[in-house]
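All remarks here apply to the structure that follows.
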């Protein structure tokens, strides 16, 4: 199979430009060269990657899958090249991290700032996303470190638990009669419509606090980021049980109220087991563990 770095580059250029001619101009190569390589690629794979239309080229179902994998491969190659080329005498490179909208991001950002003062050539690439995506990216080698909210399945990773406590809260529409309460208990939420996190393990944790089975809750929407949940609450779609942050407290049209009894969670800083990591990432993990 003739899948190599050059072919992947040609393929992605065509996919992005939606034209072989335009892709050739970007790549500064001749059209016959690119056309032949893509034709050989399709023969080797045994599938059609592009639909050739009169005005533009579009990806087939197989082409869309190949594009996603090609982007991951080239991203990993680029990341690996940077790690190998970094100066061994002075710490440098990019550390990729991911985390949700959590209080413990404050800890992480503080450590990033402190570490960068010591090692000014180190940069950080932080993605705000879900725990499932973070784990998937770490498994593929596309992300170095994840900040994950418990409960979480973490057998495949090394980790340490942060001392920061994450407090669950209720986000209530400002016009709701419940918005006047100082605390929210499970009995207050009977017959209410819920906006809950998508992760099943977290839903089960919340349903346990509510004292009922998930299947018996009126879940009208799911979310994976608190900010999106806050928007839905402000529109009166339902009540959200979310991690309390300063950001959602300041959100207009909602009231953020503590739970009673209190429900707390912890976060872990995790990284993939048994894989080599660049010097900057290894040093940063060591730095965080010492400072927590």
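In this note's numbering, the protein residues as written are 7 to 298.
Note that CB positions come from ideal geometry on N, CA and C, so glycine has one too.
Do you know how far the Cα of residue j is from the Cα of residue i?
| i | j | result |
| --- | --- | --- |
| residue 72 | residue 60 | 23 Å |
| residue 272 | residue 151 | 17 Å |
| residue 104 | residue 124 | 22 Å |
| residue 247 | residue 212 | 8 Å |
| residue 93 | residue 127 | Legend: pLDDT at residue 93 = 48, less than 50; position of this residue unreliable, no value from coordinates given. |
| residue 249 | residue 175 | 6 Å |
| residue 159 | residue 58 | 44 Å |
| residue 266 | residue 113 | 26 Å |
| residue 180 | residue 227 | 19 Å |
| residue 67 | residue 55 | 8 Å |
| residue 274 | residue 198 | 32 Å |
| residue 194 | residue 238 | 20 Å |
| residue 225 | residue 209 | 10 Å |
| residue 182 | residue 207 | 29 Å |
| residue 80 | residue 14 | 8 Å |
| residue 178 | residue 261 | 5 Å |
| residue 214 | residue 191 | 13 Å |
| residue 31 | residue 45 | 19 Å |
| residue 233 | residue 245 | 13 Å |
| residue 257 | residue 221 | 30 Å |
| residue 53 | residue 111 | 44 Å |
| residue 282 | residue 87 | 14 Å |
| residue 117 | residue 288 | 14 Å |
| residue 77 | residue 157 | 31 Å |
| residue 173 | residue 186 | 20 Å |
| residue 23 | residue 219 | 50 Å |
| residue 115 | residue 35 | 44 Å |
Mind checking whether residue i and residue j have CB atoms under 8 Å apart?
| i | j | result |
| --- | --- | --- |
| residue 9 | residue 47 | yes |
| residue 140 | residue 154 | yes |
| residue 16 | residue 43 | yes |
| residue 276 | residue 163 | yes |
| residue 217 | residue 240 | no |
| residue 75 | residue 251 | no |
| residue 100 | residue 129 | yes |
| residue 63 | residue 102 | no |
| residue 229 | residue 204 | yes |
| residue 278 | residue 145 | yes |
| residue 148 | residue 82 | yes |
Could you check how far apart the C-beta atoms of residue i and residue j are, in whole angstroms? I think they sit under 8 Å.
| i | j | result |
| --- | --- | --- |
| residue 107 | residue 202 | Rounded, the Cβ-Cβ distance is 15 Å, inconsistent with contact. |
| residue 236 | residue 263 | 13 Å between Cβ atoms; not a contact. |
| residue 223 | residue 200 | 5 Å |
| residue 28 | residue 40 | That belief does not hold up - the Cβ atoms of residue 28 and residue 40 are roughly 11 Å apart, past 8 Å. |
| residue 188 | residue 270 | With a Cβ gap of about 18 Å, residue 188 and residue 270 do not count as contacting. |
| residue 121 | residue 293 | 5 Å |
| residue 21 | residue 51 | No, residue 21 and residue 51 are not in contact; Cβ-Cβ is about 15 Å, not under 8 Å. |
Within 10 angstroms of its Cβ, does residue i collect 16 or more other Cβ (buried), or is it exposed?
| i | result |
| --- | --- |
| residue 85 | buried |
| residue 166 | exposed |
| residue 49 | exposed |
| residue 268 | exposed |
| residue 11 | exposed |
| residue 19 | buried |
| residue 168 | buried |
| residue 300 | The chain is shown only over 7 to 298; residue 300 falls outside these bounds and no answer can be derived. |
| residue 296 | exposed |
| residue 284 | buried |
| residue 97 | buried |
| residue 291 | buried |
| residue 136 | buried |
| residue 242 | exposed |
The ligand MG and residue i: does any heavy atom of the ligand fall closer than 7 Å to the residue's C-beta?
| i | result |
| --- | --- |
| residue 162 | With respect to the ligand MG, the structure shown offers nothing to examine, as it has no ligands at all. |
Which residue spans inside the segment 48-90 form an unbroken beta strand (DSSP E) run of at least 3? 56-58 and 63-65
Identify every run of the beta strand (DSSP E) within the segment 111-175, keeping only runs that are complete inside it and at least 3 residues long; order them along the chain. 128-134 and 151-155
Of all the alpha helix (DSSP H) runs that stay within the bounds of the segment 248-292, which reach a length of 4 or more residues? 252-255
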